[in-house]
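Reading through the structure tokens given below for one structure.
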Amino acid sequence: MRYLKNVWYQAGWEAELDGDSLLSRTLLGENIVMFRGKEGAPQAILDRCPHRFAPLSAGRLNDGVVTCGYHGLSFDGEGRCVGNPHGKPGAIRTRSFPIVARNMILWVWMGDPDQADAARIPDCSFIDETPEAARITGTLPTGAHYQLIVDNIMDLSHADYLHPTTLGGMFTGAKTHVSGGNDRLLIEYNAVDCNPAPAFHSIVPPPQKADVRVEVQWFAAGVMILAAGAQPTGTTRDPGRDSFTLHSITPETDGSAHYFYCSTRPFLTDNVEVSASIKAALEKAFVEEDKPMLELQQRQIGDADFWSLNPLLLPIDSAAVQVRRALDKLIDAEARDER
Amino acid sequence: MRYLKNVWYQAGWEAELDGDSLLSRTLLGENIVMFRGKEGAPQAILDRCPHRFAPLSAGRLNDGVVTCGYHGLSFDGEGRCVGNPHGKPGAIRTRSFPIVARNMILWVWMGDPDQADAARIPDCSFIDETPEAARITGTLPTGAHYQLIVDNIMDLSHADYLHPTTLGGMFTGAKTHVSGGNDRLLIEYNAVDCNPAPAFHSIVPPPQKADVRVEVQWFAAGVMILAAGAQPTGTTRDPGRDSFTLHSITPETDGSAHYFYCSTRPFLTDNVEVSASIKAALEKAFVEEDKPMLELQQRQIGDADFWSLNPLLLPIDSAAVQVRRALDKLIDAEARDER
Amino acid sequence: MRYLKNVWYQAGWEAELDGDSLLSRTLLGENIVMFRGKEGAPQAILDRCPHRFAPLSAGRLNDGVVTCGYHGLSFDGEGRCVGNPHGKPGAIRTRSFPIVARNMILWVWMGDPDQADAARIPDCSFIDETPEAARITGTLPTGAHYQLIVDNIMDLSHADYLHPTTLGGMFTGAKTHVSGGNDRLLIEYNAVDCNPAPAFHSIVPPPQKADVRVEVQWFAAGVMILAAGAQPTGTTRDPGRDSFTLHSITPETDGSAHYFYCSTRPFLTDNVEVSASIKAALEKAFVEEDKPMLELQQRQIGDADFWSLNPLLLPIDSAAVQVRRALDKLIDAEARDER
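Heads up: the protein sequence lines correspond to chains A, B and C, in order.
According to our numbering, the first sequence holds residues 8 to 346 in order.
According to our numbering, the second sequence holds residues 8 to 346 in order.
According to our numbering, the third sequence holds residues 8 to 346 in order.
If you want it as structure tokens, here you go:
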């Protein structure tokens with residue numbers, strides 16, 4: 008499987024790392040283990056002892072050092088062996104990965120460490136800027152290639168058919184505009200004087216009609232930020248009322264992905280019950296509607312190359328197809344650079 | 008896997024299609040979805056939307072039209088797109104398959120549609136001609152290559168060893184005769200003055216001896232009709248007393264098959280309790296005896312070509328081997344025609 | 008997968024074969040069935056009828072003869088067909104394997120039968136020589152390549168990290184000596200004036216220190232006999248007080264193995280409760296500590312060649328690496344002989 012390597016991927020949530028935990032996760036087919044170093048900073052190293060290949064996550068964390076549970080070799084967050092009960096640590100090393108905690112997210116760089124530039128991390132400051140009670144965070148394991156999940160978000164028209172009772176009903180026929188290129192892309196939907204999706208009924212109750220604006224900003228390889236706002240038809244839009252949702256998709260294996268999401272809102276920001284009920288609705292839509300569909304798609308596609316199956320191209324696919332082509336280009340460029 | 012394509016396969020039972028249902032099944036490695044068209048006739052199309060490969064069976068059926076649950080494209084039973092909310096249906100198509108409901112059976116043609124000739128459907132009129140109360144129908148999913156199941160029926164001597172307490176005891180040593188060729192074959196068993204199988208004890212109670220006649224007619228690729236009759240030794244045979252059983256085997260994947268059966272009898276034809284008890288006995292014999300043996304065979308054979316394992320040939324294999332050779336020839340001929 | 012063929016492997020325990028049982032097991036990727044012949048001697052033949060490949064173990068054993076449950080062919084322990092209800096047995100045969108019951112163990116030879124020499128069976132007479140009440144026997148199915156399990160026993164330092172509360176604590180830093188070659192190897196550990204492992208506390212209670220001697224004798228491909236003795240520091244060693252444990256590992260498939268063990272002790276030899284408690288402790292250590300670690304290693308290694316992953320070599324690996332190199336040489340030599 009070809010993955011884009013020199014890019015930041017979400018590896019988890021900062022809150023998953025408490026002082027003692029070893030967080031093991033497979034990203035882009037590689038097993039990594041994350042933990043907090045001596046000073047508390049997140050660390051990520053290969054979850055495989057170089058001696059006999061035991062996963063280090065089956066060992067113990069002490070004071071920022073992981074000790075293998077099989078023969079006692081110890082490693083710090085740089086991947087350096089700092090304890091060898093059977094000799095000198097010498098030059099023993101395991102691979103380490105650049106990792107940054109920002110906006111509550113753990114970002115990992117799976118490519119060339121020298122190119123890891125934290126300035127390239129997608130800006131998710133809307134998360135920190137939202138009071139905790141108005142933030143909804145989740146992790147959804149999905150048995151589908153990550154690009155199918157990216158397609159799903161880059162083409163919101165699916166909501167009209169897959170989520171008609173919650174999120175859909177206003178995308179088909181909305182005016183769309185796609186811009187950007189290289190490793191970023193923006194798709195804007197403007198649904199004017201439409202029947203807003205049931206999710207907006209608290210803002211624009213039926214039978215009132217609404218002007219709805221949704222935009223999705225994509226950052227290679229799998230990070231998307233969705234902003235959405237609605238107001239009664241013809242009234243003035245207040246961008247300060249927009250809700251934001253991070254959809255952050257990280258490949259796990261060729262046929263599975265980690266789907267991290269975080270949804271925030273600018274109203275009722277101290278109401279945890281509203282948050283709980285939105286979270287339940289979002290996860291219900293995902294678990295009962297998106298996830299089965301994505302996993303059925305994956306089963307139909309199997310190991311085949313997506314393009315080799317000659318997918319029918321519709322106008323709604325514009326952004327998703329541009330993302331796929333941008334990724335292909337970036338991956339090809341990376342392959343060339345490696346040669 | 009090489010399958011015979013230009014032949015009718017049983018895809019299910021007509022009764023499985025009510026007005027609203029989408030019946031999804033994998034045949035010869037292809038996923039198809041069956042449903043009733045606007046006029047009520049059965050339809051079969053590829054269970055895969057040409058847009059993003061979602062299974063159409065995860066969508067909805069309305070008035071003979073299937074709508075994809077992912078982005079709302081609609082298809083009729085000819086595979087034509089008859090609704091596209093994102094543009095014109097234009098030339099959008101998915102593959103359709105000839106399908107015929109006859110004798111309560113759904114017959115599907117997986118090969119070249121131009122060659123689909125309903126006159127070639129095996130005659131199973133014994134099913135309709137039997138009162139409903141005297142018909143027993145079932146579907147048995149089996150984790151074995153369909154040819155192993157065909158072998159099993161084309162060599163009934165196995166009943167003497169695998170089903171000694173129900174169906175066996177009289178086949179080994181019976182006089183057999185095999186005739187036919189190309190895509191049909193008949194094996195006849197005549198067991199003269201034998202101890203009939205326990206299944207015949209209601210007709211010829213022990214210690215009486217019986218003359219038993221069983222014949223199996225095979226139609227390529229996997230359809231077999233078994234006729235059986237017994238009478239006390241030396242008395243006159245009345246063919247009108249024969250019982251008939253359809254054994255219809257359709258490949259699902261390389262290692263699994265759909266086993267459809269329908270058993271009828273010419274006596275006690277209004278007794279549903281007798282039917283229930285025969286059904287229970289048949290399925291018990293299959294589920295506890297045939298199915299495990301077939302699946303163990305499959306596990307031993309794995310991906311190997313059957314002939315490459317040099318099976319020992321015995322006289323009892325005559326019909327089964329002729330069927331395998333006939334199938335090989337038909338499949339080879341089909342491959343030649345495609346070139 | 009390359010296996011050493013011309014060598015004795017443990018196929019089970021003699022006690023597993025009572026008069027009626029058909030014992031089916033996969034060894035080196037081949038399915039064999041074991042049973043007692045007419046005179047009571049163990050027999051081993053391929054667990055696959057040459058006719059239609061049904062496993063013979065799904066049939067019946069009568070008077071030393073196995074009858075296939077599918078079509079009634081019968082085979083004796085030499086693999087000769089001794090009953091064919093459909094014709095003459097003639098030259099029908101299935102493969103048979105040399106098998107010897109010795110020291111309560113069933114030893115099978117999977118290679119060239121002409122080279123099977125019972126004199127090459129590893130001497131496990133310590134088993135018979137121990138009273139039954141002081142013998143502990145078990146079989147542990149393990150989802151790991153057999154060489155990983157051999158590595159585990161040939162490097163006991165792992166006990167200090169994986170079994171700190173039972174078997175470990177004294178191996179790291181003990182004086183070791185490795186000797187032998189070809190198809191045998193001995194590693195000796197001498198831990199002088201050490202804190203003995205908790206398992207020795209009944210012999211040398213804390214805070215007393217001990218001199219502990221452990222040696223492991225390896226016999227190709229996967230048989231190891233471990234002898235262990237401890238006495239208070241500076242006192243005289245009595246080899247008659249040593250405990251012995253057989254660790255006998257037989258490949259099942261490329262990723263799984265049969266782990267047979269038998270532990271004996273020279274003290275409290277009539278106390279079955281002590282035996283039960285030692286057995287519980289040993290299996291707990293294996294099932295909760297070794298088995299997960301071995302299976303995690305296997306998962307990390309997958310199908311890769313062990314050496315291709317460049318394992319870090321430490322002094323503790325000396326015996327395990329010599330065993331791996333000896334096996335590679337023996338397997339290469341066998342491949343040359345076959346050409």
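Every residue, glycine too, gets a C-beta built ideally from N, C-alpha and C.
If you're wondering where the values come from, they're calculated on a predicted model, not measured in any experiment.
Under the Cβ criterion (8 Å, minimum of three pairs), the stretch 247–257 of chain A counts as touching the stretch 270–278 of chain A. Sequence-ordered contacts of the stretch 77–88 of chain C with chain B read Tyr77, His78, Gly79 [C-beta pairs closer than 7 Å]. Counting the other Cβ atoms within 10 Å of the Cβ of Pro214(C) gives fewer than 16, which makes it exposed. Counting only the Cα atoms, Gly71(A) lies some 24 Å from Ala166(C). For the pair of segments examined, the stretch 153–171 of chain C was found not to touch the stretch 281–289 of chain C: the number of CB pairs separated by less than 8 Å stays below three. Per the C-alpha coordinates, the member of Cys88(A), Ser263(A), Gly76(A), Glu23(A) positioned closest to Leu113(A) is Glu23(A). Residue range 298–308 is occupied by the alpha helix (DSSP H) that includes Gln307(A). It is roughly 14 Å from the alpha-carbon of Thr74(A) to the alpha-carbon of Arg43(A). By the neighbour-count criterion, in which 16 or more other beta carbons inside 10 Å mark a residue as buried, Glu259(C) falls on the buried side. Within the model, the alpha-carbon separation for Pro105(B) versus Pro322(B) is close to 39 Å. Counting only residues of its own chain and dropping the five nearest sequence neighbours on each side, Asn317(A) has no CB closer than 7 Å to any other CB. C-alpha of His78(A) to C-alpha of Ile160(C): approximately 13 Å in a straight line. Interface criterion met: the Cβ of Tyr168(A) is under 8 Å from a Cβ in chain B.
Per DSSP, Leu320(A) is not a residue of any beta strand (DSSP E), being assigned neither H nor E. Within chain A, the C-beta atoms nearer than 8 Å to that of Met300(C) come from Ala61, Ala65, Gly76, Tyr77, in chain order.
Proximity of chain B to Pro171(C) at the Cβ level (cut-off 7 Å) is not reached, the minimal Cβ distance being about 42 Å. At least one C-beta of chain B is nearer than 8 Å to the C-beta of His165(A).
Using beta-carbon distances, Gln238(B) does not count as an interface residue toward chain C, since no partner is under 8 Å.
If you ignore the 5 residues before and after Asp119(C), its C-beta comes within less than 8 Å of the C-beta of Lys12, Asn13, all in its own chain and listed in chain order. Distance from the CA atom of Met111(A) to the CA atom of Trp20(A), rounded to whole angstroms, is 6 Å. Rounded to the nearest angstrom, the gap between the Cα atoms of Ala198(C) and Pro205(C) is 14 Å. Pairing Tyr268(A) with Leu147(A) gives a Cβ-Cβ distance under 8 Å.
Between the alpha carbons of His184(B) and Lys216(B) lies a distance of about 22 Å. Contact check for Tyr153(C) against Ala311(C) fails: the beta carbons are separated by 8 Å or more. Using a C-beta cut-off of 8 Å, the stretch 302–309 of chain B makes contact with the stretch 53–65 of chain C, since at least three inter-stretch Cβ pairs fall below that distance.
The straight-line gap separating the alpha-carbon atoms of Ile308(B) and Ala65(C) is approximately 16 Å.
For Gln304(B), the C-beta contacts it makes with chain C under 7 Å involve Arg59, Phe60, Ala61, in order along the chain. Membership of Ile156(C) in the alpha helix (DSSP H) is indicated by the continuous run 153–161.
Closest in C-alpha terms to Gln50(C), from the list Gly36(C), Ile99(C), Asn91(C), Val115(C), comes Val115(C). A direct Cα-to-Cα measurement between Phe133(A) and His170(A) gives close to 26 Å. Assignment of Ile210(B) by DSSP, reduced to helix, strand and coil, places it in the coil class. The continuous stretches of beta strand (DSSP E) do not include Tyr10(C), and DSSP gives it neither H nor E.
Per DSSP, Glu195(C) is not a residue of any alpha helix (DSSP H); the beta strand (DSSP E) it occupies stretches across 191–201. The C-beta of Leu334(C) comes no closer than 8 Å to any C-beta of chain A. Within 8 Å of the CB of Gln307(B), the CB atoms of chain C belong to Asn38, Arg55, Phe60, Ala61, Pro62, in sequence order along the chain. Look at Pro120(B) here: in three-state DSSP terms it is helix.
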